[in-house]
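Engineer: First the structure, then my questions, so here it is.
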Amino acid sequence: MIPIGDDNTARRTFPVVNYGLIAANVLLFLVELGQPDPQGYITRWGAVPASISAGHGLETLLTSAFLHAGWLHLLGNMLFLYVFGDNVEDAFGHLRYLLFYLACAVLAGLGQVVLAPDAQLPGIGASGAISGVLAAYVVMFGANRVRVLVFFFPAVVPAYVMIGVWIVLQFLNGVASLSQTAQTGGVAYGAHIGGFVGGLLLTLLLRPRGGRRPAGWSRG
1 MIPIGDDNTA RRTFPVVNYG LIAANVLLFL VELGQPDPQG YITRWGAVPA SISAGHGLET
61 LLTSAFLHAG WLHLLGNMLF LYVFGDNVED AFGHLRYLLF YLACAVLAGL GQVVLAPDAQ
121 LPGIGASGAI SGVLAAYVVM FGANRVRVLV FFFPAVVPAY VMIGVWIVLQ FLNGVASLSQ
181 TAQTGGVAYG AHIGGFVGGL LLTLLLRPRG GRRPAGWSRG
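Residue 186 in the numbering used here sits at position 186 of the sequence shown, and the numbers go up by one each step.
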């Protein structure tokens, strides 16, 4: 299922941080494309589990979240962030949302290290951090309707269904990867799981008390 929008009713704040994160990801991807040695650049700034396990390159737990393997990788991640991130920012507030996102990026990298501590391939991409955003969304806005494409056919499903199916697939593929390779099909499932679980725990700690703040955007 590919999300293309969500339906809410009340808009409170402009998602300046969420749009800023999208812009930063696009800008840094352009910087990545302009490197004379793109593979060397990814190796330097991507998260290599074996190096992190040895205590080296800890900064890459964060920098790797702003690198992408190609335009489709970038655009897919930014679509998810665009659809789900604004509500979470509205609920948390701008600064707390930024810190939440960056923390989820780090926790996602650690999740991949736990799943594959000896892996030599650098992990890159915002999907781990965005997994944390999905966790926050399903906790605070799980009943919201999400417009999705299912095999290119439009449908509307509750957010908890769409995100629930997604995380179940991540867990199943993550378990399968344990008996195959640490990064099945080039997808770092450990990062997705780590980001989601980390985001879930952080949301339970950070979410506004006394009920969620309403947040709403309707996108075409």
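Note that the Cβ used here is the ideal one computed from N, Cα and C, for glycine as well.
Measuring only the C-alpha atoms, how far is I4 from V146?
Structural biologist: Locating residue 4 in the sequence shown gives position 4, counting from the first residue. Locating residue 146 in the sequence shown gives position 146, counting from the first residue. In a straight line, the C-alpha of I4 is about 8 Å away from that of V146.
Engineer: Determine the burial state of L72: buried for a count of at least 16 other Cβ atoms within 10 Å of its Cβ, exposed for fewer.
Structural biologist: Here residue 72 refers to the residue found at position 72 of the sequence shown. Under this definition L72 is an exposed residue.
Engineer: Between the alpha carbons of L98 and V17, how many angstroms are there, rounded?
Structural biologist: The residue labelled residue 98 in the question sits at position 98 within the sequence shown. The residue labelled residue 17 in the question sits at position 17 within the sequence shown. Roughly 7 Å separates the two Cα atoms.
Engineer: Can you round the beta-carbon distance between F84 and Y137 to whole angstroms, since I take them to be within the 8 Å contact cut?
Structural biologist: Taking the first residue of the sequence shown as 1, we reach residue 84 at position 84. Taking the first residue of the sequence shown as 1, we reach residue 137 at position 137. That pair is a contact at about 5 Å.
Engineer: Give the DSSP-derived three-state secondary structure of P38 in the structure shown.
Structural biologist: Taking the sequence shown and counting its residues from 1, the one referred to as residue 38 is at position 38. DSSP places P38 in helix when its eight states are reduced to three.
Engineer: Taking F153 as part of the alpha helix (DSSP H), name the residues at either end of that continuous run.
Structural biologist: Reading the sequence shown from its first residue, position 153 is the one you call residue 153. Premise fails: F153 lies in the beta strand (DSSP E), F153 to P158, not in any alpha helix (DSSP H).
Engineer: Please state the DSSP three-state secondary structure of G211.
Structural biologist: In the sequence shown, counting from the first residue as 1, residue 211 sits at position 211. Bear in mind that a pLDDT of 44 at G211, under 50, signals an unreliable position, so the number given afterwards is only what the model happens to contain. In this structure, G211 counts as coil in the three-state DSSP scheme.
Engineer: Using only alpha-carbon positions, find the residue among Y41, G34, G40 and F92 that is nearest to F14.
Structural biologist: The sequence position of residue 14 within the sequence shown is 14, counting from 1. F14 has its Cα closest to that of F92, out of Y41, G34, G40 and F92.
Engineer: How big is the Cα-Cα spacing for L30 and V113?
Structural biologist: Taking the sequence shown and counting its residues from 1, one reaches residue 30 at position 30. Taking the sequence shown and counting its residues from 1, one reaches residue 113 at position 113. Approximately 27 Å between the Cα atoms of the pair.
Engineer: Taking all protein chains shown into account, do 16 or more other C-beta atoms lie within 10 angstroms of the C-beta of V150, making it buried, or fewer, making it exposed?
Structural biologist: Residue 150 sits at position 150 when you count from the first residue of the sequence shown. Exposed.
Engineer: Quick check on DSSP: helix, strand or coil for I163?
Structural biologist: For the purposes of this step, residue 163 is taken as residue 163 along the sequence shown, with counting starting at 1. Three-state DSSP puts I163 in a helix.
Engineer: Please give me, in chain order, every unbroken run of the alpha helix (DSSP H) with length at least 4 that falls completely inside the region 3 to 35.
Structural biologist: Entirely contained in the region 3 to 35, the alpha helix (DSSP H) runs reaching 4 residues are, in chain order, 16 to 33.
Engineer: Could you say if the region 102 to 113 and the region 157 to 173 meet the contact criterion of at least three C-beta pairs nearer than 8 Å?
Structural biologist: Result no; under three Cβ-Cβ pairs closer than 8 Å.
Engineer: When DSSP builds the beta bridges, which residues end up paired with A47?
Structural biologist: As a first step, residue 47 is located in the sequence shown; it is residue number 47 there, counting from the start. Beta-bridge pairing links A47 to G123.
Engineer: Please classify A110: is it buried, with 16 or more other beta-carbons within 10 angstroms of its beta-carbon, or exposed?
Structural biologist: For the purposes of this step, residue 110 is identified with residue 110 of the sequence shown, where counting begins at 1. Here residue 110 is Leu; the residue named in the question, Ala, does not match the sequence. So L110 counts as buried.
Engineer: Verify whether the separation of the beta carbon atoms of L81 and I130 is less than 7 Å.
Structural biologist: For the purposes of this step, residue 81 is taken as the residue at position 81 of the sequence shown. For the purposes of this step, residue 130 is taken as the residue at position 130 of the sequence shown. Yes; because the gap between Cβ atoms is below 7 Å, this pair is in contact.
Engineer: Using the Cα positions of E59 and L27, report the straight-line distance between them to the nearest angstrom.
Structural biologist: For the purposes of this step, residue 59 is identified with residue 59 of the sequence shown, where counting begins at 1. For the purposes of this step, residue 27 is identified with residue 27 of the sequence shown, where counting begins at 1. Taking the straight line from one Cα to the other gives about 19 Å.
Engineer: Is the beta carbon of G195 sitting closer than 7 Å to the one on A108?
Structural biologist: Working through the sequence shown from its first residue, we reach residue 195 at position 195. Working through the sequence shown from its first residue, we reach residue 108 at position 108. Going by C-beta atoms, G195 is nearer than 7 Å to A108.
Engineer: Within its chain, find whatever has a CB closer than 7 Å to the CB of I124; leave out the 5 residues flanking it on each side and keep chain order.
Structural biologist: Here the question's residue 124 lines up with position 124 in the sequence shown. Correct list, in chain order: I42, G46, S64, L67, H68 and A69.
Engineer: Among I193, L33, L134 and N25, which one has its Cα closest to the Cα of A116?
Structural biologist: Position 116 of the sequence shown holds residue 116. Nearest C-alpha to A116: I193.
Engineer: Please determine whether the Cβ atom of G199 lies at a distance below 6 Å from any heavy atom of the ligand HEM.
Structural biologist: The ligand HEM is not part of the structure shown, which contains no ligands of any sort.
Engineer: Could you tell me which residues DSSP puts in a beta bridge with V150?
Structural biologist: Within the sequence shown, numbered from 1, the residue matching residue 150 stands at position 150. Per DSSP, F153.
Engineer: Count the other CB atoms, across all protein chains shown, that sit within 10 Å of the CB of P36; report buried if there are 16 or more and exposed otherwise.
Structural biologist: Locating residue 36 in the sequence shown gives position 36, where the first residue counts as 1. Exposed, since its Cβ has fewer than 16 Cβ neighbours within 10 Å.
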